[in-house]
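A short worksheet on the structure shown next.
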Amino acid sequence: MNKQKRAQPQVAFYNNPENRAIIYQVLALVLIFFISYYVINNMFINIEKRGINTGFGFLDSEAGFGILQSLIPYDESDTHGKVFIVGLLNTILVSAIGIFFATIIGLLIGIGRLSKNYMIAKLSMVYVETFRNIPILLQILFWYNVVLASLPNPKQSMSFLNSIFFNNRGLYIPKPILESGFIAVIIAFILAIIAVIFLVKWSNKRHDETGEEFPTIWVSIGILIASPVIVYFLSGSPATLEFAELKGFNYKGGWTLIPELLALAFALSIYTATYIAEAVRAGIEAVPKGQKEAAHALGLKDYIILKKVVLPQALRVIIPPVINQYLNLVKNSSLATAIGYPELVTIFSGTSLNQVGQAVEIILMTMAVYLTLSITISIIMNYINSKMQIKER
1 MNKQKRAQPQ
11 VAFYNNPENR
21 AIIYQVLALV
31 LIFFISYYVI
41 NNMFINIEKR
51 GINTGFGFLD
61 SEAGFGILQS
71 LIPYDESDTH
81 GKVFIVGLLN
91 TILVSAIGIF
101 FATIIGLLIG
111 IGRLSKNYMI
121 AKLSMVYVET
131 FRNIPILLQI
141 LFWYNVVLAS
151 LPNPKQSMSF
161 LNSIFFNNRG
171 LYIPKPILES
181 GFIAVIIAFI
191 LAIIAVIFLV
201 KWSNKRHDET
211 GEEFPTIWVS
221 IGILIASPVI
231 VYFLSGSPAT
241 LEFAELKGFN
251 YKGGWTLIPE
261 LLALAFALSI
271 YTATYIAEAV
281 RAGIEAVPKG
291 QKEAAHALGL
301 KDYIILKKVV
311 LPQALRVIIP
321 PVINQYLNLV
331 KNSSLATAIG
341 YPELVTIFSG
351 TSLNQVGQAV
361 EIILMTMAVY
371 LTLSITISII
381 MNYINSKMQI
391 KER
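Taking this note's numbering, the leading residue of the sequence shown gets 1, the next gets one more, and so forth.
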């Protein structure tokens, strides 16, 4: 017996939810397009009325001003394009330093907040609640105008091993002078890194098969240090150190870390570490207590439990909010303009913009830099996060 199919009721085109969703999205895109066209067109009309030059030709014009710190050779006769590169490198430098130290401090403080030692736990809490609730700009000004400014002058500098000097003009450390044979040391270090990668893979495979631990960390450190050092001496010590010397009213020679860099890097590290510490604490507390108790029942020591049981699982919770803090640190580095550190916003969006007056191009370039840095950090950290995921069988 044939069953008659029920006729499906006809639905009007607009009453179909899927069709309405498509219509609304198309209308939204059209509206965004017309608003963007109106704003951009109005901007160019106003620029033309005021006789303002457009284009990126200004990058080839002479800058005519000096820069306090430059990682590449620079003088006043260089172009605004060179200024852009100098500012970009200085921004990357302070961001990298801040991320490195903020991560270490945040990890230690986050673990300290969960310590069974009453004093450590309370001091960690005081640190977080103090520095987290003070605006980052005030902290930058405090370290620069109060702490570093109170240091002694160059003639009364604090000295470490008679080779490192610290005063209100900055931190002076020995500078390595590399000779032609130093390339062998660099090759040795690269080969050592490759060897460590294979060692870690072998150690993990051995642990999975036998359950035996291998001192990977200490052996890796030994390989990374011993290999370049041995090659360095075998190749005739192709490097020397240039020490800073007091000449006149200041030190000359060596590497100089200016007070602006020190204050900015320290403030960014201390401030961002408070949020990383809270992310670490939340990640550790997210690991079920039963797993920690089981590890204790097996007789494992606390640091082994933290290293092998807690942190591998906690990192999956820690990394996503930490990514956001890394991005905030990079963007907060633009506050360096308050103390004159020569990063991108200070010298390119500030001094160069005041000289050439082409705000549109300069601001767009600056925005593109921060967007690129943020996306790069996000891609790297999301890749690490994907590797931390527990693979299901």
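Using N, Cα and C, we set each Cβ at its ideal position, and we do this for glycine too.
Between the alpha carbons of A121 and I304 lies a distance of about 20 Å.
DSSP places L178 in the uninterrupted beta strand (DSSP E) bounded by K175 to L178.
By DSSP's assignment, E62 forms a beta bridge with T79. Put simply, the region 95-104 does not touch the region 360-368. Fewer than three CB pairs are less than 8 Å apart. T240 is bridged by DSSP to I177. Taken atom to atom, the span from the alpha-carbon of D302 to that of I323 is near 28 Å.
Where I347 is concerned, there is no enclosing beta strand (DSSP E), because DSSP gives it neither an H nor an E. In this structure, the beta-carbon distance from L148 to L262 falls below 8 Å.
Under the three-state reduction of DSSP output, T54 falls in the coil class, being neither helix nor strand. When secondary structure is reduced to three states using DSSP, N46 falls in the helix class. Scanning its chain for C-beta atoms nearer than 7 Å, with the 5 sequence neighbours on each side dropped, one finds around P154 the residues N167, R169, L246, F249, N250 and Y251, in chain order.
Per the C-alpha coordinates, the member of Q69, V30, F34 and P17 positioned closest to G340 is Q69.
Here G211 is exposed. Its C-beta has fewer than 16 other C-beta atoms within 10 Å. Nearest to A279 by C-alpha distance, out of V200, T103, S77 and P174, is T103. For the 8 Å CB-CB criterion, T351 and V345 do not form a contact. Inter-residue distance for E179 and W255 is about 17 Å (C-alpha atoms, whole angstroms). Assignment of Y172 by DSSP, reduced to helix, strand and coil, places it in the strand class. Contact between the region 265-280 and the region 184-201 is absent: fewer than 3 CB-CB pairs across the two stretches fall below 8 Å.
In the DSSP assignment, N324 falls within the unbroken alpha helix (DSSP H) covering L311 to N332. CA-CA distance, I85 to N328, rounds to 22 Å.
Note: L31 is not bridge-paired with any residue in the DSSP secondary-structure output. In the three-state scheme derived from DSSP, where H, G and I count as helix and E and B as strand, Y74 is classed as coil. Residue pairing for M158: DSSP places it in a beta bridge opposite F166. Annotation for T274: V128, F131 and R132 place their beta carbon closer than 6 Å to its own, counting only its chain and skipping 5 residues before and after. In this structure, the CA atom of S227 is about 20 Å from the CA atom of K201. Residue pairing by DSSP places L261 opposite no residue, since no beta bridge is assigned to it.
Between G110 and I276, the C-beta gap is smaller than 8 Å, which places the two residues in contact. Residue environment: N19 is assigned as exposed (fewer than 16 neighbouring CB atoms within 10 Å of its CB, all protein chains considered). Taking 8 Å as the upper bound for CB-CB distance, D60 and G81 are in contact here, some 6 Å apart.
Comparing alpha carbon positions, the residue from L257, P342 and I221 closest to K175 is L257.
Under DSSP, E245 forms a beta bridge with K252.
Of the candidates S386, Q355 and Y383, Q355 places its Cα closest to the Cα of F65. Counting along the chain, S235 sits inside no alpha helix (DSSP H), nor does DSSP assign it H or E at all. In its chain, beyond the 5 residues on either side, R113 have a beta carbon closer than 8 Å to the beta carbon of M125.
Closest option to I186, judged by alpha-carbon separation, among W218, V83 and P238: P238.
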